[in-house]
Amino acid sequence: MALKILFLTHKYYPDIGGIETISEILANSFYNAGYDVCLVTWTKEIGKKTFPFKVIRSPGFFDLIRVHRWADVVFENNLSLRLAWPGIFFNRGWVTSLQTWITKADGSVGLQEKIKFKWLKRSKIVISCSEAIRKRCWPTSIVIGNPYQEDTFKHLENIEKKGDFLFLGRLVSDKGADLAIQAFKQLLKEQEDNSSFSSLSLTIIGDGPERDKLEKIVCDLKLTGRVFFKGALRGDVLVKSLNEHRFLLVPSMWEEPFGIVALEGMACGCVPIVSDGGGLPDAVGKAGLVFKRGDINSFVQSMLRVLKEPKLEEELRREAVMHLAAHTSVEVSRLYLNIFNGLNNSKYN
């Protein structure tokens with residue numbers, strides 16, 4: 001009989017976000033591997049997609065009791081106490097994956113965070129999505145990096161890489177799009193006598209409250225015609241655009257817990273250049289360059305390196321093959337399923 005996995009995720013499709021995406025990838029992978037999956041979420045909207053496993057949205061009291069009784073293993077993809085509380089009454093294999101910081105933005109711990117830390121002690125196994133999360137949140141946890149959608153984000157044949165730098169993300173201050181623009185300007189200024197840099201461009205994909213401000217910065221810096229805003233792109237259009245560019249810029253000012261966007265860009269043939277905050281170094285491994293977060297000079301030097309060192313670019317692209325292989329949905333789900341099976345075989349002891 002197939003192992004019964006109760007998958008708890010606070011939000012899920014059609015909501016958009018990192019945890020929502022990871023939940024969809026893992027739940028589908030668990031099901032495709034032959035496991036019995038029931039996913040429970042507070043997201044009420046159904047969306048257009050259908051799933052081969054059971055999805056319970058906005059569950060009631062008795063819904064939660066029933067599914068917790070049914071499960072062999074309970075998997076929290078990030079802490080969700082309002083979905084997890086019935087676990088107090090059932091001795092089940094319990095695994096919690098930490099997908100973001102438990103502490104507050106300044107690193108402090110309030111009452112809510114203390115409750116979360118106390119709840120985590122119930123988990124048989126705690127998994128962190130990056131080494132940074134492990135160190136700050138749960139030092140004894142196991143690190144399993146996040147997967148990407150390899151069936152969607154991939155290299156496309158016969159696509160010319162006519163674009164240079166690309167920023168992909170929501171246009172909010174934490175994501176650092178303004179730093180990308182400033183660094184691009186500084187690079188052009190430092191290399192104004194270099195004719196090979198005369199046609200360099202920066203493409204910005206995404207939308208958000210900072211867009212008007214960013215467009216004004218581009219205008220003020222006289223970068224109109226060199227920096228292009230494409231708005232929010234998804235699906236095949238996004239994949240095609242990624243395939244058309246050489247380098248992906250991820251200059252997050254916030255310490256990203258992981259940074260799946262780096263994997264998505266890498267899978268489409270972009271060399272990632274990322275800030276050193278949080279889990280981004282884990283996300284790129286040896287297949288990208290890392291600069292000091294918020295340091296424009298460090299950022300520009302990384303951009304210059306990939307432009308001036310063709311052998312470095314080739315080396316990073318070679319490293320990407322093995323790095324991506326370790327982050328496919330099949331490989332990452334295999335690591336999780338090994339843990340689930342181990343717990344079940346040990347009778348939850």
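Numbers 1 to 349, taken from the UniProt record's numbering, label the letters of the sequence shown in order. Note that beta-carbon positions come from the ideal geometry of N, C-alpha and C, so glycine has one too.
**Study point:** As assigned by DSSP and simplified to three states, the class of Gly-235
**Key:** Helix at Gly-235.
Point to revise | Selected residue, minimal CA-CA separation from Pro-52, among Asp-220, Ala-33, Val-67 | key: When only C-alpha atoms are compared, the closest one is Ala-33.
Point to revise | C-beta atoms of Ile-273 and Leu-238 nearer than 8 Å | key: Not a contact, by the Cβ cut-off of 8 Å.
Point to revise | Per-residue DSSP class, three states only, for Asp-164 | key: Here Asp-164 sits in strand by DSSP.
Check your understanding: In the structure shown, what three-state DSSP assignment does Val-250 receive?
Key -> In the three-state DSSP reduction, Val-250 falls in the strand class (E or B).
Exercise for review: Take every Cβ of the region 17-27, pair it with every Cβ of the region 326-338, and state whether three or more of those distances are shorter than 8 Å.
Suggested key: Touching, per the Cβ criterion.
Check your understanding: Using CA coordinates, which residue listed in Ser-198, Ala-267, Val-143, Arg-170 is at the minimum distance from Leu-316?
Key -> Answer by Cα proximity: Ala-267.
Check your understanding: Do you know how far the Cα of Met-1 is from the Cα of Lys-175?
Key -> The straight-line gap from Cα to Cα measures roughly 46 Å.
Exercise for review: Below 6 Å CB to CB, which residues in the same chain sit around Leu-156 once its five sequence neighbours on both sides are set aside?
Suggested key: Its chain contains Asn-243 as the residues whose beta carbon lies nearer than 6 Å to that of Leu-156, once the 5 sequence neighbours on both sides are disregarded; these appear in chain order.
**Study point:** Among Phe-62, Thr-152, Phe-89, Lys-308, the one whose alpha carbon lies nearest that of Phe-197
**Key:** The candidate whose alpha carbon is nearest that of Phe-197 is Lys-308.
Practice item. Look at the Cβ atom of Phe-167, then the Cβ atom of Leu-202, and state whether they are nearer than 8 Å. Key: Taking 8 Å as the Cβ cut-off, Phe-167 and Leu-202 qualify as a contacting pair.
**Study point:** Among Val-109, Lys-154, Lys-4, the one whose alpha carbon lies nearest that of Cys-137
**Key:** Sorting Val-109, Lys-154, Lys-4 by C-alpha distance to the C-alpha of Cys-137 places Val-109 at the top.
Point to revise | Cys-219, DSSP secondary structure in three states | key: Cys-219 falls in the helix class under three-state DSSP.
Check your understanding: Straight-line CA distance for Phe-228 to Gly-206?
Key -> Linking Phe-228 to Gly-206 through their CA atoms gives a straight-line distance of about 11 Å.
Point to revise | Own chain residues within Cβ distance below 7 Å of Val-37, not counting five before or after | key: Closer than 7 Å at the Cβ level, and outside the excluded window around Val-37, lie Ile-5, Phe-7, Ala-27, Phe-30, Tyr-31, Phe-53.
Point to revise | Best match in Thr-41, Glu-255, Trp-119 for proximity to Ser-173 [C-alpha to C-alpha] | key: The shortest Cα separation from Ser-173 among Thr-41, Glu-255, Trp-119 belongs to Glu-255.
Exercise for review: Locate the beta strand (DSSP E) running through Pro-272, then write down its first and last residues.
Suggested key: Boundaries of the beta strand (DSSP E) around Pro-272: 271-275.
Point to revise | Run of the beta strand (DSSP E) containing Arg-57, from where it starts to where it stops | key: Per DSSP, Arg-57 belongs to the beta strand (DSSP E) from 54-57.
Practice item. Below 8 Å CB to CB, which residues in the same chain sit around Ile-339 once its five sequence neighbours on both sides are set aside? Key: The residues are Val-95, Ile-125, Ile-127, Ile-142.
Check your understanding: So Trp-119 is in the alpha helix (DSSP H); what residue range does that whole segment cover?
Key -> Run containing Trp-119: 111-120, per the alpha helix (DSSP H) assignment.
Review point. When burial is assigned at 16 or more other CB atoms within 10 Å of the CB, is Lys-311 buried or exposed?
Key: Exposed: under 16 other Cβ atoms inside 10 Å.
Check your understanding: From Ala-84 to Leu-343, what distance separates their C-alpha atoms?
Key -> Their backbone Cα atoms lie some 18 Å apart in a straight line.
Practice item. Give the secondary structure of Glu-255 by DSSP, where H, G and I count as helix, E and B as strand, and everything else as coil. Key: Collapsing the DSSP output to three states places Glu-255 in coil.
Check your understanding: To which residues of the same chain is Lys-161 closer than 8 Å at the C-beta, ignoring the five residues directly before and after it?
Key -> Taking Lys-161 as the centre and dropping the five residues before and after it, the same chain places the C-beta of Asn-243, Glu-244, His-245, Arg-246, Gly-269 closer than 8 Å to its C-beta, in chain order.
Review point. Leaving out the 5 sequence neighbours to the left and right, which residues in its chain are closer than 7 Å to Gly-208 when beta-carbon positions are compared?
Key: Answer for Gly-208: Arg-170, Leu-171, Val-172, listed in chain order.
Exercise for review: Starting from the C-beta of Val-261, find all residues in its chain whose C-beta is less than 7 Å away, skip the five residues before and the five after it, and write them out in chain order.
Suggested key: Excluding positions up to five away in sequence, the list reads Leu-168, Gly-169, Val-250.
Check your understanding: When DSSP labels each residue in this structure, what does Lys-308 get in the three-state scheme?
Key -> Note: Lys-308 maps to helix in three-state DSSP.
Exercise for review: Identify the continuous alpha helix (DSSP H) that holds Lys-185 and give its terminal residues.
Suggested key: Taken as a continuous stretch (DSSP letters only), the alpha helix (DSSP H) holding Lys-185 covers 177-190.
Practice item. Output the distance between the C-alpha atoms of Thr-43 and Pro-59, rounded to the nearest integer angstrom. Key: Roughly 10 Å between the two C-alpha positions.
Exercise for review: Would you mind reading off the limits of the alpha helix (DSSP H) that contains Ile-133?
Suggested key: Residues 131-137.
Point to revise | Complete alpha helix (DSSP H) runs within the region 49-90 (minimum length 4 residues, chain order) | key: Within the region 49-90, the complete alpha helix (DSSP H) runs of at least 4 residues are 61-70, 81-84.
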